[in-house]
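All remarks here apply to the structure that follows.
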Amino acid sequence: MRISRIYLPIETPDIDNTINIAGDKAHYIRNVLRLKVGFTLHFFTPNGNQYQAKVGHISKHQVELVDISLTEIQPKNSSLKTTLAQGISSSDRMDYSIQKAAELGCSRIIPFISDFCSQKIPVHKFEKKLNHWQAVAISACEQSGRSSVMEITPIIEFSPLVKEIDNGIYLDPTADHFLYNLPKSLQQAHTFFIGPEGGFSPEELDAFEKANYLGVQLGQRVLRTETVAPVIMGAMHALYGDFKPLVE
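Written out as C-alpha cells, the structure reads:
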C-alpha cells in the first residue's frame, strides 16, 4: 500500500513526543487522504529531513502523530539549480506552471509583472496570491517525493528583476541558440525568463540584449506560456540532469 506523504513546517520535530496537526493540514489528512488511526505517514520538513510517523488520534479539528522516527528514504531532489522567472499569467495557467515546475525539481519561481501580462493583480492581493502559489508548490513537492520545497519569491516588476539577475536566459522563438549547447557555466545553475500569454514586448527583448542575456528557443513551434516551464525542466534534465541512470 502506498504511504501518504505531506510537508510539515516544523524545523526539528521532537521525535520523542507527539505532533499535533490542526487547520487545513489536519483536514487534508482526515478528509482527503482519509487516513485512519494506526496508518503510517511520511512527512518532510523545511530543513530537508524526512520522517515516518503513525496516526495516533483523529478528532474533528486535530490529528495526532505518534511513533515518529527519522527515515533514510532517498530524497528525489534535482541535481540542477534552476530558477524560472515566470511572467504572471491567468490563474489556471500560472498554477499549472508552478505545479509542473515543482514536480520536475525547479528550485525557485520568480513571478514578475511585464508589459503583456493578462492578469493584473492588485498590490493588496499580492500576499494572498503568493500564499496560494506556495500551497500549489508544496502539494507538488509532496506528490513528487522531493524533500525540499520550491521557493516562490515575492512578485516583482520586470525592470528591477533584469537588473538583479546576472547571466539570465530568455525564451524567444526567434533566438539562434538552443538548450543543448548552453555554455558550461549555465548548465547546472541558471535562470530562465518565460513570458506571459502575450510574450515579451520589443522593449523587454531590448532590455535582455542590453543585459547580455542569452536568448534560446525551444524548436519551431510556439508554446503556450504554461507549457514552457515543464518543457524547460524536462529538456534540462535530459541534457544535464537526472533523466539518465544515476550510476553509469
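Sequential numbering from 2 applies to the sequence shown in this note's numbering.
We treat Cβ as the ideally placed atom computed from N, Cα and C, and that holds for glycine.
What you are looking at is a predicted structure, and each value in this text was computed from that prediction instead of being measured.
Unbroken beta strand (DSSP E) runs of no fewer than 3 residues, entirely contained in the region 16-64, are found at 20-23, 41-45, 51-59, following chain order.
In the three-state DSSP reduction, residue 143 falls in the helix class (H, G or I). Across the structure, residue 146 and residue 46 are spaced so that their CA atoms are roughly 12 Å apart. Between the alpha carbons of residue 117 and residue 225 lies a gap of roughly 14 Å. Judged by DSSP secondary structure, residue 100 falls within the alpha helix (DSSP H) whose first and last residues are 92-104.
Separation of the CB atoms of residue 111 and residue 162 is rounded to 7 Å, and the pair is thereby assigned contact status at 8 Å.
Looking at the DSSP output, residue 86 sits in a beta bridge with 111, 194.
The Cβ neighbour count for residue 97, taken over all protein chains shown within 10 Å, is at least 16; the residue is labelled buried.
Beta-bridge partners assigned by DSSP to residue 71: 52. Secondary structure at residue 137: helix, using DSSP grouped into helix, strand and coil. Take the alpha-carbon of residue 36 and the one of residue 154: they are about 33 Å apart.
Taking the Cα of residue 56 as reference, the smallest distance to any Cα among 77, 88, 121, 20 is reached at 20. Taking the Cα positions, residue 88 is about 14 Å away from residue 170.
With respect to the 7 Å criterion, residue 190 and residue 151 are not classified as neighbours on the basis of their beta carbons. Between residue 72 and the set 42, 210, 196, 85, the nearest pair of CA atoms involves 42. DSSP places residue 172 in the strand class (E or B) of the three-state scheme. In the DSSP assignment, residue 160 falls within the alpha helix (DSSP H) that extends over 159-165. Between residue 134 and residue 166, the C-beta gap is not smaller than 7 Å, which leaves the two residues out of contact.
Look at the beta carbons and you see the region 204-216 not touching the region 126-140: under three pairs across the two are nearer than 8 Å. When 156, 218, 136 are compared, the shortest CA-CA separation from residue 125 is found for 156.
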